[in-house]
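Novice: So the sequence shown is numbered by our numbering: it starts at -4 and just counts up by one.
Beta carbons: idealized from backbone N, C-alpha and C, even for Gly.
Treat the numbers as computed from the prediction; the structure is a model and nothing was measured.
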Amino acid sequence: VRFTGIDFSRREIEAGRRRITEVGLGNVELVESDLREFQVCPGAYDLILCHGAFSWVPDEVKQRILELCREGLKRTGVAAISYLTYPGWKQREAIRELLVSRVQGIAEPEERVRQSALLLRLLREGYAANQENVHAASLKAIVESMEQSPSNVFLHDELGVEHDPCYFMQFAEWAAESGLEYLAETNLGTMAIGGIAPGAGGLLQELAPDFLEAQQLIDFLVNRSGRSSLLVRKGAPIDRKLSLDRLATLRFTTEFCNTRPVNAPGGSPDRFESLQGRTVKVEEPTQKRLVTYLSQAAPEALSYAALDEAEAGLSSEELF
């Protein structure tokens, strides 16, 4: 496998090249370039990733990102692009607009961050005083997430000149105009209608028999604020059905390890925690055995056949 990374920032490229040298990688190339000028090798790539950029660049750069995906992908290649979405981003956008208006005329980055922090603190304390109000609780959570951003990220994401969320259908239309088709989300679970209210699934299928329209309505049902969408070249074969045969070709791993206290009472949920501090509790016996087995094998990714072996105690019927 060979990797090519592109970035506009010379400092980031130089830092990346130092890291590549330190690790001793021979299959990674980093290129300092404006995406509007970068020329891609036609049909060379199986996978193109664009994360944390699409919603923060001018329209001409968005257009070039999509063109590079169309030009650079192999016939069966996939592009993954993350971007901010409405309606979920509307509330955060309103707070951002307040912050931007507050720091207008302030040139020094440190002072822009300081003034923003003071305003966010005011908002947080005001919302906290009205915590029983669902709307206030939601806004408080948004403010807290902004406060937790590192200063450099805050300056770029919240106070940057370019900040351009969109509706899912707009993104899908832009992709189509550039010779690309929407395939799916990187997180397949976010596409499903099974998690919405009982009875809503039938209504959704009646109102939006078209696949793309249904995805747009799901964004409203869950108030989605961001997507990471997979695109393919127009005309590429698309089959969104999941089958056991396909799942059986995958490899599985987990970032979680079992941290259940040794003195926990019998029958209590097992507690799994990741290195990043994420925690989940698992009660179902098969799921317990699966995550435990994967965590013991980590960082190795195991095949379906390996999980189906007798020593894992997991049958194919239980796994899928």
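Going by the CB atoms, is the gap between Y81 and Y162 shorter than 8 Å?
Specialist: Here residue 162 corresponds to residue number 167 of the sequence shown, with the count starting at 1. Here residue 81 corresponds to residue number 86 of the sequence shown, with the count starting at 1. Yes, these two residues count as a Cβ contact at 8 Å.
Novice: Measuring CA to CA, which of G272, T287 and T244 is closest to A278?
Specialist: To locate residue 278, count along the sequence shown from 1; it is residue 283. Note that residue 278 is Glu in the sequence shown, not Ala. For the residues G272, T287 and T244, the minimum Cα distance to E278 belongs to T287.
Novice: Do L30 and I8 count as a contact pair if the criterion is CB distance below 8 Å?
Specialist: Counting from one through the sequence shown, the residue named residue 8 turns up at place 13. Counting from one through the sequence shown, the residue named residue 30 turns up at place 35. No, the Cβ-Cβ distance between I8 and L30 is not below 8 Å.
Novice: Would you call the region 95 to 107 and the region 124 to 133 in contact, with 3 or more CB pairs under 8 Å?
Specialist: No: fewer than three Cβ pairs fall under 8 Å.
Novice: Please state the DSSP three-state secondary structure of G221.
Specialist: Taking the sequence shown and counting its residues from 1, one reaches residue 221 at position 226. DSSP places G221 within a strand segment (E or B) once states are collapsed to three.
Novice: Check the C-beta distance from S238 over to E180 and give it rounded, since I have them as a contact under 8 Å.
Specialist: The residue given as residue 238 occupies position 243 in the sequence shown. The residue given as residue 180 occupies position 185 in the sequence shown. Beta-carbon to beta-carbon, S238 and E180 are separated by about 18 Å, too far to satisfy the 8 Å threshold.
Novice: Between which two residues does the alpha helix (DSSP H) holding V275 run?
Specialist: On the sequence shown, residue 275 is found 280 positions in, with the first residue counted as 1. Where V275 is concerned, there is no enclosing alpha helix (DSSP H), although the beta strand (DSSP E) it sits in stretches over T274 to V277.
Novice: Are M335 and L207 closer than 8 Å when you measure CB to CB?
Specialist: Here the chain covers residues -4 to 315 and nothing more, so residue 335 does not appear.
Novice: Quick check on DSSP: helix, strand or coil for E250?
Specialist: Here residue 250 refers to the residue found at position 255 when the sequence shown is read from its first residue. Here E250 sits in coil by DSSP.
Novice: Residues in the same chain with beta-carbon distance under 6 Å from G0, minus the five sequence neighbours each way, listed in chain order, please.
Specialist: Taking the first residue of the sequence shown as position 1, residue 0 is located at position 5. L25.
Novice: Per DSSP, what kind of secondary structure is D265 in: helix, strand or coil?
Specialist: If you number the sequence shown from 1, residue 265 lands on position 270. DSSP places D265 in strand when its eight states are reduced to three.
Novice: Helix, strand or coil for E50 per DSSP?
Specialist: Indexing the sequence shown from 1 puts residue 50 at position 55. According to the sequence shown, residue 50 is Ser rather than Glu. Correct three-state label for S50: helix.
Novice: For V227, which residues does DSSP report across the bridge?
Specialist: Counted from its first residue, the sequence shown places residue 227 at position 232. Answer by DSSP bridge pairing, in chain order: E176.
Novice: For K85, which of helix, strand or coil comes out of DSSP?
Specialist: Looking up residue 85 in the sequence shown gives position 90. Reduced to three states, the DSSP call for K85 is helix.
Novice: So for S144, helix, strand or coil by DSSP?
Specialist: As a first step, residue 144 must be located in the sequence shown, where it is residue number 149. DSSP places S144 in coil when its eight states are reduced to three.
Novice: Which value, in whole angstroms, describes the spacing of the CA atoms of A305 and I233?
Specialist: Locating residue 305 in the sequence shown gives position 310, counting from the first residue. Locating residue 233 in the sequence shown gives position 238, counting from the first residue. Unreliable placement is indicated for A305, whose pLDDT of 40 sits below 50; no coordinate value is reported for it.
Novice: Just how far apart, CA to CA, sit L150 and F49?
Specialist: For the purposes of this step, residue 150 is taken as the residue at position 155 of the sequence shown. For the purposes of this step, residue 49 is taken as the residue at position 54 of the sequence shown. For L150 and F49, the distance between alpha carbons rounds to 17 Å.
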